[in-house]
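All the letters of the sequence shown, read from the start, carry residue numbers 195 to 316 under our numbering.
Working notes, beginning with the structure itself.
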Amino acid sequence: MVEDAIDSIPDRFFDELENVVFAVEDEPSEEQLAGADEDNSVREGDELLGLYDGTPMTERDSYYGTGELPDVITIFRGPHERCFGDGPDAEAAIAEEVRRTVIHEVGHYFGNDDETLEAMGY
């Protein structure tokens, strides 16, 4: 599902992705959850569906890339299944939400905040 979601990224954005990897994990770690809480990116009672960890394009300077580890976009399987895995169309619902989550996290890579991405429907 994540590969399909990555393939759905419009070329004009996909072609600009540099030094970023996509990962799939079953669940977010305690460290990832704590970081999301500090950033106020997860509301009380919500699940962390994905996470961007890196330096957004808007914060990179001319020295970026010299010895930098790749940015990481992580998609979490368990939260997607818990939030969208009920009903006769569960697989399609999960796939659509994975696509939205991938695009949301790519939006963070480009420097967009949660408020902007939510206003855009992601």
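Ideal placement from N, C-alpha and C gives every residue a C-beta, glycine not left out.
These numbers were taken from a predicted model, which means no experiment stands behind them.
Outcome for residue i when other beta-carbon atoms lying within 10 angstroms are tallied against a minimum of 16
| i | result |
| --- | --- |
| A199 | buried |
| P204 | exposed |
| T260 | exposed |
| F207 | exposed |
| L263 | exposed |
Residue i - DSSP class collapsed to helix/strand/coil
| i | result |
| --- | --- |
| I203 | coil |
| F315 | It is worth fixing the name first, because residue 315 is Gly in this sequence and not Phe. Residue state, collapsed to three classes: coil. |
| F208 | helix |
| G301 | helix |
| D198 | helix |
| D307 | coil |
Residue i and residue j closer than 8 Å at C-beta
| i | j | result |
| --- | --- | --- |
| Y316 | G248 | no |
At 4 residues or longer, what runs of the alpha helix (DSSP H) sit wholly inside the segment 211-289?
Taken in chain order, the unbroken stretches of alpha helix (DSSP H) that lie wholly in the segment 211-289 and span 4 residues or more are 224-232 and 271-278.
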